[in-house]
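**Student:** What follows is a single structure, and I will ask about it in a moment.
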Amino acid sequence: MNAPVKTEDAFHQLIHENHMWGLWEIASQMTPHPRPQAIPYQWKWSLLEKVVRQSATAVPVGDERRAMQLFNPGLNGQWATTNTLIAAVQVLLPGEIARAHRHTPSAIRFIMQGNGAYTAVEGEKVLMHEGDFVLTANWQWHDHGNETNETVVWMDGLDVPLTKALDCIFFEMHKELKAEHAKPVNGSKALYGHANLAPTWVKERPRFSPLMIYSFDQTMEALHALRDRDGSPYEGIALEYTHPQTGGPVMPTMSCRIQLLRRGEKLKARRVTGSSVFHVVQGQGRTLIDGNAFDWGKGDIIALPSWALHAHENTGSGDAILFSISDRPVIETLGFYREATS
Ligand code: 1HN
């Protein structure tokens, strides 16, 4: 047997003082499986709703958005909901404009409340309604505006912590409040928003989906058309939003899904590599994560770290619908995807 390493001696002092550590001192970090620092965590809508209501008067929408960033309690104040993703809840009051800017982290939005506000992406106004899923990819100019009479609330999801870890953050403020809205309103939907039919004359194939909005009507239609299938024993009737030209994920860094848990449906437990953020679109349920129960209802947001054993159950009297974002495309591209059922 080797003698135990003494790390208090002069040799170890020498290396530590000079920014070196022996592998024998840190080998415990090579864990048999992922041990995320992020914890499973839930933000309940009852709390988010209060914060949303107060934020309207507490902070003006200035150069920055009125977007409440959800910080994972396990990540020591880092700007992160999971190790790779940040989720936020953003509020836009009637008449407000959130100034145009662009950045390398990609964003998705899922509309929680309010109808008819817009995000303008690269000069194209995208009109948003409850349940719609909207994209603002890497380095696309975007401003938001609410020309309606009601407050609009949505969830933002971005790959900020991943982009930051790779030291690839770039940010630029537009010189105007609004970028020029020169393109037809909802133009990307008119061109790419037809199920399984993509225009052949468009030669450009962006790495992100050129379809900027996936409407709730179409999403619900698809879920209900499939509701009598078995679906996945782990995810129920789960659908991925896809890039209309490639069938792949909507972004190179994020996969976005919608899943239906039918009344009484209790899914099996599984763990996967990669982290996710869930948003409850409808219904009530319970997710067991590493032995802890998270009871959820409409509007709640839940962080699910990598390799956490999780099982969803619909405990309500009707359908439950979950929207989620994950870093799965990155995990798969790099060859790190794994799953296990215990
Ligand atoms: C951002 O630019 C928006 O454009 C929302 O609405 C949330 C969170 C982190 C970084 C940038 C937006 C964001 C964000």
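Reading the sequence shown from the start, the letters are residues 42 to 383 in my numbering. Each residue gets a CB set at the ideal place from its N, CA and C atoms; glycine is no exception.
In angstroms, rounded to a whole number, what distance separates the CA positions of residue 239 and residue 223?
**Tutor:** Within the sequence shown, the letter at position 198 stands for residue 239. Within the sequence shown, the letter at position 182 stands for residue 223. About 23 Å.
**Student:** So, are the CB atoms of residue 370 and residue 290 less than 7 Å apart?
**Tutor:** As a position in the sequence shown, residue 370 is number 329, starting the count at 1. As a position in the sequence shown, residue 290 is number 249, starting the count at 1. Cβ atoms of residue 370 and residue 290: closer than 7 Å.
**Student:** So, with DSSP's three-state summary, where would you put residue 236?
**Tutor:** On the sequence shown, position 195 is the one that residue 236 refers to. Here residue 236 sits in coil by DSSP.
**Student:** Nearer than 6 Å: is that true of the beta carbon of residue 104 relative to any heavy atom of ligand 1?
**Tutor:** By 1-based counting over the sequence shown, the position of residue 104 is 63. Not so, every heavy atom of ligand 1 lies at least 6 Å from the Cβ.
**Student:** Quick one, which of 178, 377, 346 has its alpha-carbon nearest residue 123's?
**Tutor:** Numbered from its first residue, the sequence shown carries residue 123 at position 82. The residue with the shortest Cα to Cα distance from residue 123 is 346.
**Student:** Using three-state DSSP, classify residue 132 as helix, strand or coil.
**Tutor:** For the purposes of this step, residue 132 is identified with residue 91 of the sequence shown, where counting begins at 1. The answer is strand: DSSP assigns residue 132 an E or B state.
**Student:** Among all the DSSP beta bridges, which residues are the ones paired with residue 84?
**Tutor:** On the sequence shown, residue 84 is found 43 positions in, with the first residue counted as 1. Paired residue(s): 342.
**Student:** Measuring only from the beta carbon, is residue 199 closer than 6 Å to any heavy atom that is part of ligand 2?
**Tutor:** In terms of ligand content, the structure shown lacks ligand 2 and carries ligand 1 instead.
**Student:** Could you compute how far the alpha carbon of residue 200 sits from the alpha carbon of residue 334?
**Tutor:** What you label residue 200 is simply residue 159 of the sequence shown in a count that begins at 1. What you label residue 334 is simply residue 293 of the sequence shown in a count that begins at 1. The alpha-carbon atoms of residue 200 and residue 334 are separated by roughly 27 Å.
**Student:** What is the DSSP secondary structure of residue 357, counted as helix, strand or coil?
**Tutor:** Walking along the sequence shown from the start, residue 357 turns up at place 316. If DSSP states are grouped into helix, strand and coil, residue 357 belongs with coil.
**Student:** Check this for me: beta carbons of residue 356 and residue 311, under 7 Å apart or not?
**Tutor:** Within the sequence shown, the letter at position 315 stands for residue 356. Within the sequence shown, the letter at position 270 stands for residue 311. No.
**Student:** Is the closest heavy atom of ligand 1 to the C-beta of residue 161 under 6 Å?
**Tutor:** The count along the sequence shown starts at 1 and reaches residue 161 at position 120. No, since every heavy atom of ligand 1 falls outside the 6 Å radius drawn around the Cβ of residue 161.
**Student:** Whether or not the region 180-196 and the region 348-362 are in contact is what I'm after, with contact meaning three or more pairs of Cβ atoms, one per stretch, closer than 8 Å; do they touch?
**Tutor:** Not touching, per the Cβ criterion.
**Student:** Please report the straight-line C-alpha distance between residue 215 and residue 110, rounded to a whole angstrom.
**Tutor:** Translated into the one-based positions of the sequence shown, residue 215 becomes position 174. Translated into the one-based positions of the sequence shown, residue 110 becomes position 69. Going from the Cα of residue 215 to the Cα of residue 110 covers about 22 Å.
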